[in-house]
Amino acid sequence: MSLLKKSVLLITCVCFVMSADAQRKKSNKTKEVNVMETELDTVSYSLGVSISANIKAQGMDSISVDAFAKALKDSYEGDSTTISVDEANKHLQDYFGGLQAKKVSEAKKGGIDFLAANAKKEGITTLASGLQYEVLVEGNGAKPSATSKVTTHYHGTTIDGKVFDSSVERGQPAQFGVNQVIAGWTEALQLMATGSKWRLFIPSDLAYGERGAGADIPPHAALVFEVELISIDQ
-15 MSLLKKSVLL ITCVCFVMSA DAQRKKSNKT KEVNVMETEL DTVSYSLGVS ISANIKAQGM
45 DSISVDAFAK ALKDSYEGDS TTISVDEANK HLQDYFGGLQ AKKVSEAKKG GIDFLAANAK
105 KEGITTLASG LQYEVLVEGN GAKPSATSKV TTHYHGTTID GKVFDSSVER GQPAQFGVNQ
165 VIAGWTEALQ LMATGSKWRL FIPSDLAYGE RGAGADIPPH AALVFEVELI SIDQ
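Residue numbers for the sequence shown follow the working numbering, so the first one is -15 and each next one is one higher.
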């Protein structure tokens, strides 16, 4: 579900609760509401927490609470809104589209800058494809082909060190076809002798590119893997 749809759904829920709450308040105007006094108050507050967390997760670190509250009040207490629903949706699409474009641009630049600096370090080999590697342990066994099936141990992180996948942490080696993984792995494995352990620095176009992968690997992210080639199985 897109961020816009999520936001609209959550805001709709809040509006429903606020509308019901407004009706309740009309019958008791002098009563000051404690946010945890009733189930409705607790649900209303919880929706606010959920919306705030959702928006922050998308990179919007501040919001005009007064403007937000006024829009809800104008919409649900009969007053006309300053902008129409269609205009509001366009503003949201433009704003969050801009946030996403900024994140993509920063990820691209971050990966490029990281790899450029890394290439200057001692012990780093940079291939024509842009793939970089550092030999941690040099094995002396056979090298797999593109059609081989291999068993490896690996530990994968983003360039800022966040772990997104690790057979090492699971304590269970992984078996797969050399040509069934990301391009950076396919290239590197065919250069590794069995028994080797390399640290790979993989440009985004040899990893998950503009798609990214789940919540942990954003679009255009460069990745770092420590890979141990345990065996060639066939």
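All C-beta atoms in this analysis are idealised placements derived from N, C-alpha and C, irrespective of residue type, glycine included. Keep in mind the model is a prediction, meaning the values are calculated, not measured.
(request) Output the distance between the C-alpha atoms of Asp189 and Val134, rounded to the nearest integer angstrom. (result) Using only the alpha carbons, I get a separation of about 23 Å.
(request) With Tyr192 as the anchor, note down where its beta strand (DSSP E) starts and where it stops. (result) From DSSP, Tyr192 is part of no beta strand (DSSP E); its letter is neither H nor E.
(message) Based on DSSP bridge pairs, tell me the residues matched to Ala112.
(response) Per DSSP, none; premise fails for Ala112.
(request) Taking 7 Å as the cut-off, decide whether the C-beta atoms of Phe148 and Ile201 are in contact. (result) yes
(request) For the beta strand (DSSP E) containing Leu83, list its first residue and its last residue. (result) That residue, Leu83, is in no beta strand (DSSP E); its alpha helix (DSSP H) goes 69 to 102.
(message) To the nearest angstrom, how far is the alpha carbon of Glu210 from that of Val27?
(response) 46 Å
(request) Put Ile39 into one of helix, strand or coil per three-state DSSP. (result) helix
(request) Can you grab the Cα-Cα spacing for the pair Ser215 / Ser132, in whole Å? (result) 10 Å
(request) Look up Asp149 in the DSSP assignment and give the residues it is bridged to. (result) In the DSSP output, where bridge partners are listed per residue, Asp149 has Gly140.
(message) Just list the residues that DSSP pairs Ser129 with in beta bridges.
(response) Answer is none; Ser129 lacks a bridge partner.
(request) Would you mind reading off the limits of the alpha helix (DSSP H) that contains Val162? (result) Under the DSSP assignment, Val162 falls outside any alpha helix (DSSP H); it carries neither an H nor an E label.
(request) For Ala100, I'd like the list of residues in its chain whose CB is within less than 6 Å of its CB, leaving aside the five on either flank, ordered along the chain. (result) none
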